[in-house]
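Undergrad: Protein chains in written order, with the UniProt record's numbering: chain E, 1 to 154; chain B, 1 to 121; chain X, 1 to 709.
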Amino acid sequence: MDHAEAFQGNEREIVTFRVSDQEFCVDIGYVREIRGWSPTTVLPHAPDYVKGMMNLRGTVLPVMDLSLRLGLGATEATPRHVIIILVVNDMTVGLLVEAVSDILTVSYEDMKATPDIGSTETKNFVEGFFTVDDRMIRVVDVTCVVPANTGEPR
Amino acid sequence: MRQKILAVDDSRTMRGMLEQALTTAGYDVELAEDGKQGLEKLENDKPDLAITDINMPRLDGFGFIEGVRNQPFLRGLPILVLTTESAPELKERARSAGATGWIVKPFDEVKLVAAIRRVLA
Amino acid sequence: MNSKTNLRELFFQECEDLLESLTDGFAELEHDSTDMETINAVFRAVHSIKGGAGAFGMETLVEFAHAFENLLDEVRAGENTVNPEMLSLFLQSGDHLADLVDAAQSGTEPDLVHGGELLAQLLTLSNAGGDAVPAAGGAPETSCTNEIGDVDFQPLTLDLDSPLSEGEEAGPVVMRFTALKDLYVNGNDPALLFRALEEMGDLSVEADLTALRSLAELDWDEPAITWTLTLDTTRTETEIREVFEFVEGFCLLEFLSDDPGSDTPVDPAPPHSAGPDATAPANASMAGSPTDQDSVRSDGPTRKAAGTKNTIRVDLDRVERLINIVGELVISEAMLSQSVTEMKLDSDNKVGTAMGQLKQLSSQLQESVIAIRAQPVKSLFQRMSRIVREVSQTTDKPARFATEGDYTEVDKTVIERLVDPLTHMIRNAVDHGLEDRSARAAAGKPEQGTVTLSAAHRSGRVLIRLSDDGGGINRDKVRSIAEARGLISPDAELSQSEIDNLLFLPGFSTNDEVTNLSGRGVGMDVVKNEIQALGGRVSIESEPGCGTSLTISLPLTLAVLEGMIVEVAGATVVVPTNMLRETLRAAEATIHAMGPGDRVLASHGEMIPVIDLGAFLGFRTPPQDLSEHTLLLIDSETGARIATVVDHLHEQREVVIKGLEKNYGQVVGISAATILGNGQIALIVDTDQLFEKSRAVQPSALFDKAIGA
């Protein structure tokens, strides 16, 4: 899906998921597919939140532990865990999460700003949140979570 | 039946232009990249007219015309020479080699068709 | 896209090929300036560019190509001889022609000043240019340009000064026309001429058969019929005469007055008489004697005739898609093959045989598909020869450009993206690398410096090396500049190669004042970044007094690689085998400790550094006991050797290279990844970086960062 188009209009669909007992979401426009966890190949000298590389039908892509990235502790991945495959800035990446809960339709006008209390990670990687039936759904800022590919060695 | 024209030129661009112009004008077009290939194609394709460039590798336009005129069954084939030079000497040379007429490049479709119609029944 | 645009595209594509064959031709002329075949090929290339440019109304290009072509034509006709001065003009003119083509393609303004100078030189060297200048003439260049332009591009018309000229339109035109034998021989047909006349107005034709003999006496070759043609038209005589243009000289044509009483025959402009000469007095000297031209015009076969290549042009996206699909196919095949192996079928089972065939076919398919995108670096190298010429001229440092491995094939996109970094490197090599004339003379070197560009496949990568025979890097100067700019601390201990590598630091420039060539605000750091963006590396070597060479090592994107699949620290990784010399069990080798933690292998009297691959990748600390491990002896480009410790060897096989750059980025120590038969990803070790590691240097933190090690 074309990203520019994905954000037109206020009514949007979001995919919600659980990470370390908190509920998060991303715009469905970023989501390419959702897969069960399978072991990844560890990359040398990579940041700790990069779990490794996975093979998605011939495409080699990095998988990130979203919990660790958000400062919520490392995930002990099991086959019940889920990888959400996102396309961000032309890069295809996987986010390791506990479980996908819902697809909801929300209006971005209803998104509330992140309260100024959280950790650095939360401030950097959470754009805001929605409240839906007493649930607090944090909007992950995917462009910040996925580090830009500079072409420089990492 | 549509008339068939064999166009011989070593330039891809020129072949493309000839093909387009001639097809638009309602002719069937066969292409060759030099005189040698042109002579080979003549035997199979039996065109009603040949258009040939002068400067070509392997066998140039003069050689091609000579080759055509030396074959009894092809002797009457009308041949137009494509030339960027409208220098009279070159035309004279083309004619004495046996060309039926010439087209000065760059040609437009009107000029091209007019020249063809003067030599092709 | 309409058809006209298509043809334009086609033209520019063809120009690329033609310009390439032009450069080839000039290179050959440098060796043998009298080779007719080459001169003919060069002439044809310029001629074809002119022809196409004319069709698209690119006048500047036509004018220049025309002057260039004329001079070449004189050489071809033996009227002019190629001397070094002319050859140099040819080279520059070829460059300018390429510029004009570029300008026409991009719709930008070409350098008309430089073009004008070259044009003037072309005309000056041309006999015709000289001859055509009237003795008393004021501005020679201008006048002969115009003359040449006008004469050649004017459509031929017959003599204009006949009685029935323009403006005299009234009344029917009466002509008497007799076809001669040659008219038929050349394939003309009077009936068609009449048809053409008919299209101009009301035509009546009367045949005069009096000269016709009886059938028995008839000489078929001698035409005997004379026609009287009456054409009621508003067209001018010039237009009417144009109909007879092709048969001029093969017929008798008289223009009779419409009044049958006053029969004034008109000279039918015999071909060998006034016509041409009268209209174009400057002509004869220009086009040269026809007989001379004839003798060379019977072109022999030409080796590298652009026109005889049998090629099609395909959209790159399609090729890309195909390559990806085939890559998937190869991986699926490997997975299937592994499953079949696990089924432990009988050796004569048909599935096994079929698998073998499938494997072979898919690998052939892959090779062929990869070859589609691969292009020889030749065209890239040719572009660089021009840079050498230009810089050499501007800096007054005579330079010879040599190339090796022109036919080394590299992915097309990689070639395109190498243009900028290579251009900059070459500018540097001539401008900074080569010494000036006096310094070279003092060093006992030939006045002309040499810049060599070479390409080769090595270790599943492409190596492009640029060397010069200049003075080498002035390390003291480099070091003091780096210190002055605060790039290194004055007490830093740097090896020679580390000093050389300082050149890659951002903002480093060895020239105190920025020269107008190399110092266009671009340093070697930019070159390095561009190469890194391609997944490549640049390294520099220099020998004082002998020269400097820069080596670019690039991955063959999407290619396959022969690798040893090994197990280390629980990970499966691939070690490229092309530089793998030997494998041996550590238990059977002689290994000595060297200082704290370092070890060397004693082998054939050599002391080879031992590096633990697991530690290199950051997966573990080097194991104390190596007895259960295996050593891989790997050679470097420069002949160095290391022993790499791994846990187990699996198998040696071909793997498909999957880049990490797109979705992640470059990874230190890893060149790419591959997908194994079980679908798992294995990383491919970058052996070159193992060598960097083995040098065990302690560079300053800044330096470390700058070279990305």
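The beta-carbon is built from N, C-alpha and C at its ideal position, and this holds for glycine as well.
Are the Cβ atoms of X/Ile372 and X/Val319 separated by less than 9 Å?
TA: Yes, the pair counts as a contact, with Cβ atoms nearer than the cut-off.
Undergrad: Per DSSP, what are the beta-bridge partners of X/Leu649 in this structure?
TA: Looking at the DSSP assignment, X/Leu649 forms a beta bridge with X/Val566.
Undergrad: Would you mind reading off the limits of the beta strand (DSSP E) that contains X/Ile499?
TA: Premise fails: X/Ile499 lies in the alpha helix (DSSP H), Gln496 to Asn501, not in any beta strand (DSSP E).
Undergrad: Taking Cβ positions only, does E/Pro79 come closer than 9 Å to chain X?
TA: Not an interface residue.
Undergrad: If we ignore side chains and look at the alpha-carbon of each, how far apart do X/Ile415 and X/Leu380 end up?
TA: In a straight line, the C-alpha of X/Ile415 is about 7 Å away from that of X/Leu380.
Undergrad: X/Asn83 touches chain B at which residues, Cβ-Cβ below 8 Å?
TA: Under the 8 Å cutoff, chain B gives no residues; its nearest Cβ is about 24 Å from X/Asn83.
Undergrad: Would you kindly report the start and end of the unbroken beta strand (DSSP E) that includes B/Pro78?
TA: B/Pro78 -> no beta strand (DSSP E), and no H or E assigned at all.
Undergrad: Would you call E/Arg57 buried or exposed, if buried means 16 or more other Cβ atoms sit within 10 Å of its Cβ?
TA: Exposed, by the Cβ-count rule.
Undergrad: In whole angstroms, what separates the C-alpha of X/Ser385 from that of X/Phe401?
TA: Straight-line Cα distance between these residues: approximately 6 Å.
Undergrad: Using a C-beta cutoff of 9 Å, does X/Ser379 count as contacting chain B?
TA: Chain B, which has no Cβ nearer than 9 Å to the Cβ of X/Ser379, makes this no.
Undergrad: Among the residues of its own chain, which have a CB less than 7 Å from the CB of X/Gly300, if the five just before and after it don't count?
TA: A caution first: X/Gly300 carries a pLDDT of 36, below 50, which makes its placement in the model unreliable, though a value can still be read off. Hits under 7 Å: Glu37.
Undergrad: For chain X, check one thing: does any of its Cβ atoms lie closer than 9 Å to the Cβ of E/Asp90?
TA: For E/Asp90, the answer is yes, since a Cβ of chain X falls inside 9 Å of its Cβ.
Undergrad: From X/Leu660, X/Glu692, X/Lys693 and X/Val46, pick the residue whose C-alpha is nearest to that of X/Leu683; which is it?
TA: Selected option, being the one with the closest Cα: X/Leu660.
Undergrad: Specify, as a first and last residue, the run of the beta strand (DSSP E) that X/Ala682 falls within.
TA: Note, X/Ala682: beta strand (DSSP E), Ile681 to Val685.
Undergrad: Let me confirm a value: X/Glu498 is counted as buried when at least 16 other C-beta atoms fall within 10 Å, else exposed. Which label applies?
TA: Burial call: buried.
Undergrad: Is there at least one Cβ from chain E nearer than 9 Å to X/Gln105's Cβ?
TA: Cβ-Cβ to chain E under 9 Å: no for X/Gln105.
Undergrad: From X/Ser636 to X/Glu483, what distance separates their C-alpha atoms?
TA: So the two alpha carbons sit approximately 32 Å from each other.
Undergrad: What does DSSP give as the partner residue(s) for E/Asn55 in the beta ladder?
TA: E/Asn55 pairs with E/Val60.
Undergrad: CB-CB under 6 Å to E/Ile85, same chain, minus the five flanking residues each way: which ones, in chain order?
TA: Cβ within range, chain order: Arg32, Glu33 and Gly94.
Undergrad: Taking the beta strand (DSSP E) that X/Gln666 falls in, what are its first and last residues?
TA: Unbroken run through X/Gln666: none, as it is neither H nor E.
Undergrad: Provide the residue span of the alpha helix (DSSP H) that contains E/Cys144, from first to last.
TA: Element bounds for E/Cys144: Val142 to Val145.
Undergrad: From B/Leu18 to X/Arg195, what distance separates their C-alpha atoms?
TA: In a straight line, the C-alpha of B/Leu18 is about 24 Å away from that of X/Arg195.
Undergrad: Taking only beta-carbon atoms, is B/Pro106 less than 9 Å away from chain X?
TA: Closer than 9 Å: yes.
Undergrad: Got a sec: which bits of the stretch 41-72 of chain E sit with their beta carbon under 9 Å from any beta carbon on chain X, in order along the chain?
TA: Going along the stretch 41-72 of chain E in chain order, one finds Thr41, Val42, Leu43, Pro44, His45, Ala46, Val50, Gly52, Met53, Met54, Asn55, Arg57, Gly58, Thr59, Val60, Leu61 and Pro62 with a Cβ nearer than 9 Å to chain X.
Undergrad: Kindly indicate which residue of X/Ala45, X/Asp182 and X/Val330 has the alpha-carbon position closest to the one of X/Glu69.
TA: Taking only the C-alpha atoms, the option nearest X/Glu69 is X/Ala45.
Undergrad: When you compare only the Cα positions, how much space is there between X/Glu9 and B/Ala7?
TA: Distance between the alpha carbons of X/Glu9 and B/Ala7: 20 Å.
Undergrad: By DSSP's criteria, E/Trp37 is part of a beta bridge. Which residues make up the other side?
TA: Answer is none; E/Trp37 lacks a bridge partner.
Undergrad: With 16 as the cutoff for other CB atoms within 10 Å, does X/Asp317 come out buried or exposed?
TA: By the neighbour-count rule (16 or more Cβ atoms within 10 Å), X/Asp317 is not buried but exposed.
Undergrad: Could you have a look at B/Gly101 and say whether DSSP puts it in helix, strand or coil?
TA: Strand at B/Gly101.
Undergrad: Would you mind sorting X/Ser339 into buried or exposed? The rule is 16 or more other CB atoms within 10 Å of its CB.
TA: X/Ser339 should be labelled exposed.
Undergrad: Can you tell me whether DSSP reads B/Arg58 as helix, strand or coil?
TA: Coil, per DSSP.
Undergrad: Are E/Leu66 and E/Val97 touching if we call contact CB-CB under 9 Å?
TA: Taking 9 Å as the Cβ cut-off, E/Leu66 and E/Val97 qualify as a contacting pair.
Undergrad: Give a yes or no on contact between the stretch 184-200 of chain X and the stretch 235-251 of chain X, applying the rule of three or more CB pairs nearer than 8 Å.
TA: The answer is yes - the stretch 235-251 of chain X touches the stretch 184-200 of chain X, with three or more Cβ pairs under 8 Å.
Undergrad: Can you grab the Cα-Cα spacing for the pair X/Thr642 / X/Thr551, in whole Å?
TA: The question names Thr, but residue 642 of chain X is Ile in the sequence shown. Distance between the alpha carbons of X/Ile642 and X/Thr551: 21 Å.
Undergrad: Check each candidate in X/Pro376, X/Pro609, X/Asp625 and X/Glu651 and name the one with the smallest Cα separation from X/Thr577.
TA: X/Thr577 has its Cα closest to that of X/Glu651, out of X/Pro376, X/Pro609, X/Asp625 and X/Glu651.
Undergrad: Compare the Cα-Cα distances from X/Gly669 to each of X/Ser627, X/Arg653 and X/Gly618 and report the closest residue.
TA: It is X/Gly618 whose Cα lies nearest to the Cα of X/Gly669.
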